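Beneath this line is the structure, given in structure tokens, with notes to follow.
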Amino acid sequence: MQTLVLKGEEAIEKGAELIAQGEVVAFPTETVYGLGADAFNEDAVKKIFAAKGRPSDNPLIVHIADKSALEGLVEEVSEGAKAVMDRFMPGPITVIMKKSAKVPLSVTAGLDTVGIRMPSHNVAREFIRRAGTPIAAPSANRSTHISPTGAAHVYEDMDGRIPLIIDGEDCEVGIESTILDMSAEVPTILRPGAITAEMLAEVLGAVKTFSGKVVVAKAPGMKYKHYAPLCETVVAKDASSAKKAYDEALAEGLKPVIIAKSQTCALLEGRTHIDVGPTDKDICRNIYAALHRGEKIAGFIVCEHFGDEGICGSVMNRVMKSAGGKIV
Ligand code: AMP
Ligand code: MG
């Protein structure tokens, strides 16, 4: 199959046409690129799992362009869910609610709940609107690989496997949406993201944060290896351990690279590095592109620990998985 990469009006028109034909389409959002299909067409949804090599027990998120689409998708919207959606949608959040009978179980991996997201990205919204149906989508990478934050990342993983990539520039947020389970007794964050626990607690009063230990996999995706570069990756707790890990890898004949924020890069004394910028927002926006670049130019990635607070905590949730939990 030939994979087209298109921009602008032409891309949106072709994308909507392919969705109507039961095909899959990669599209940009403010978080990462998604691989979408008509959420009500089970055959189309199956093509997402096939293109990604994704296990069928890992659910998809249903993307909408307008809140009016909620009616056909969920049983009811609780007061808390409404408050969260009023405050943060459109934006980088997915809200889990009881699903309506119309949503196929292949989308939700057999669960009686569905994750709903309304992206703020204009191209995403226009694409969904023109498709005229909710779009089920996970990230547009091969299963277990790093999520794509630019059209070129999608092309590397999906060339020949999907008919179209809508190119809508690089993603502004840079990591996947916060997933908030509003079907639980206490609202619970299943996956941290740019909308943090503190921000949600302001609206909800209380929210349970994801503890890190998976007893029962509520977000089934959590039990899989994720966000993994193609080469060994470790997290360094500070600049001096990053330098040490780098020098040891170099002595072993590996080609190392350090991913760090600008302030740390200034201390690396000529060692090869990728600068993800000075602020927390920059780090979040650039982390996946840095991992993509790292696996291309190096054989060993050392990533700085950016801290556990706020957005950096969400970034480290992903980086720790990339590194298989290895800290040096
Ligand atoms: P991705 O953004 O590619 O990681 O795929 C969507 C992720 O959303 C899945 O891996 C799940 O962790 C999560 N998810 C989607 N729907 C549900 C649901 N109904 N309940 C819990 N988690 C969900
Ligand atoms: Mg994913």
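Residues 4 to 331 in my numbering are what the sequence shown spells out, letter by letter. Cβ atoms here follow ideal geometry from the backbone N, Cα and C, with glycine treated the same way. Here the structure is a predicted model, which is why all the values come from computation and not from measurement.
Using the rule of at least 16 other Cβ atoms within 10 Å of the residue's Cβ for burial, across every protein chain shown, is K55 buried or exposed?
-> The residue labelled residue 55 in the question sits at position 52 within the sequence shown. It is buried - the Cβ of K55 has at least 16 other Cβ atoms within 10 Å.
Could you give the DSSP three-state label for V331: helix, strand or coil?
-> In the sequence shown, the residue the question calls residue 331 occupies position 328. Correct three-state label for V331: coil.
Spatial neighbours of V206 within its chain, please: CB distance less than 7 Å, with the 5 preceding and 5 following residues excluded, ordered by chain position.
-> For the purposes of this step, residue 206 is identified with residue 203 of the sequence shown, where counting begins at 1. Closer than 7 Å at the Cβ level, and outside the excluded window around V206, lie A86, V87, R90.
So, using beta-carbon positions, are P195 and G316 closer together than 8 Å?
-> Residue 195 sits at position 192 when you count from the first residue of the sequence shown. Residue 316 sits at position 313 when you count from the first residue of the sequence shown. Yes. Within cutoff.
Per DSSP, T116 forms a beta bridge with which residues?
-> Position 113 of the sequence shown, counted from the start, is the residue given in the question as residue 116. According to DSSP, T116 bridges with K101.
Grouping DSSP H, G and I as helix and E and B as strand, with all else coil, what is K264?
-> Taking the sequence shown and counting its residues from 1, one reaches residue 264 at position 261. Three-state DSSP puts K264 in coil, outside helix and strand.
To which residues does DSSP link D283 through a beta bridge?
-> One-based indexing of the sequence shown puts residue 283 at position 280. Answer is none; D283 lacks a bridge partner.
Evaluate N320 with the Cβ neighbour count: other Cβ atoms within 10 Å of its Cβ, from every protein chain shown; 16 or more gives buried, anything less gives exposed.
-> The sequence position of residue 320 within the sequence shown is 317, counting from 1. Buried, by the Cβ-count rule.
Just the Cα atoms here: how many angstroms apart are N61 and L193?
-> Reading the sequence shown from its first residue, position 58 is the one you call residue 61. Reading the sequence shown from its first residue, position 190 is the one you call residue 193. One C-alpha to the other measures close to 14 Å.
Proximity of P95 and V176 at Cβ, strictly below 8 Å | Within the sequence shown, residue 95 is the residue found at index 92, counting from 1. Within the sequence shown, residue 176 is the residue found at index 173, counting from 1. The criterion of a C-beta distance shorter than 8 Å is satisfied by P95 and V176.
Return the residue from the list E251, V331, E307 that minimises the CA-CA distance to P259.
-> Counting from one through the sequence shown, the residue named residue 259 turns up at place 256. Out of E251, V331, E307, E251 has the C-alpha closest to the C-alpha of P259.
Helix or strand or just coil, what does DSSP make of S317?
-> Here residue 317 refers to the residue found at position 314 of the sequence shown. DSSP places S317 in helix when its eight states are reduced to three.
Could you tell me which residues DSSP pairs with C332 in its beta bridges?
-> Not covered by the structure: residue 332. The range shown for the chain is 4 to 331.
Residues that D41 bridges to, as DSSP identifies them = Counting from 1 along the sequence shown, the entry for residue 41 is found at position 38. Paired residue(s): I138.
For E78, which residues of its own chain have a beta-carbon under 8 Å away from its beta-carbon, when the five flanking residues on both sides are left out?
-> For the purposes of this step, residue 78 is taken as residue 75 along the sequence shown, with counting starting at 1. Here the set comprises M100, K101, K102, S103.
Go ahead and pull the three-state DSSP assignment for D69.
-> In the sequence shown, the residue the question calls residue 69 occupies position 66. Secondary structure at D69: coil, using DSSP grouped into helix, strand and coil.
Backbone secondary structure at K221 - three-state DSSP | Sequence index remark: in the sequence shown, residue 221 carries index 218 (1-based). In this prediction, K221 has a pLDDT of 42, which is less than 50 and means its spatial position is unreliable; what the coordinates show is noted afterwards. The answer is coil: DSSP assigns K221 none of H, G, I, E or B.
Around the Cβ of S59, are there at least 16 other Cβ atoms within 10 angstroms (buried) or fewer (exposed)?
-> To locate residue 59, count along the sequence shown from 1; it is residue 56. S59 comes out exposed.
Counting only the same chain and skipping the five closest in sequence on each side, list residues whose C-beta sits under 7 Å from that of A332.
-> Residue 332 is absent from the structure shown; the chain starts at 4 and stops at 331.
Ignore the nearest five residues each way along the sequence and tell me which others in I119's own chain have a CB closer than 6 Å to its CB.
-> Taking the first residue of the sequence shown as position 1, residue 119 is located at position 116. Contacts found: V65, V98.
Boundaries of the beta strand (DSSP E) in which I192 is found, first to last residue = Here residue 192 refers to the residue found at position 189 when the sequence shown is read from its first residue. Residues 191 to 194.
Just to check, is the beta-carbon of G118 closer than 7 Å to a non-hydrogen atom of the ligand AMP?
-> Stepping through the sequence shown from its first residue, residue 118 is reached at position 115. The answer is yes for G118.
Rounded C-beta distance between I290 and V305? I'm assuming under 8 Å.
-> Taking the first residue of the sequence shown as position 1, residue 290 is located at position 287. Taking the first residue of the sequence shown as position 1, residue 305 is located at position 302. The Cβ separation is near 14 Å, so there is no contact.
Alpha-carbon to alpha-carbon, Q266 and V318 | In the sequence shown, counting from the first residue as 1, residue 318 sits at position 315. In the sequence shown, counting from the first residue as 1, residue 266 sits at position 263. Each residue's Cα considered, the two are about 17 Å apart.
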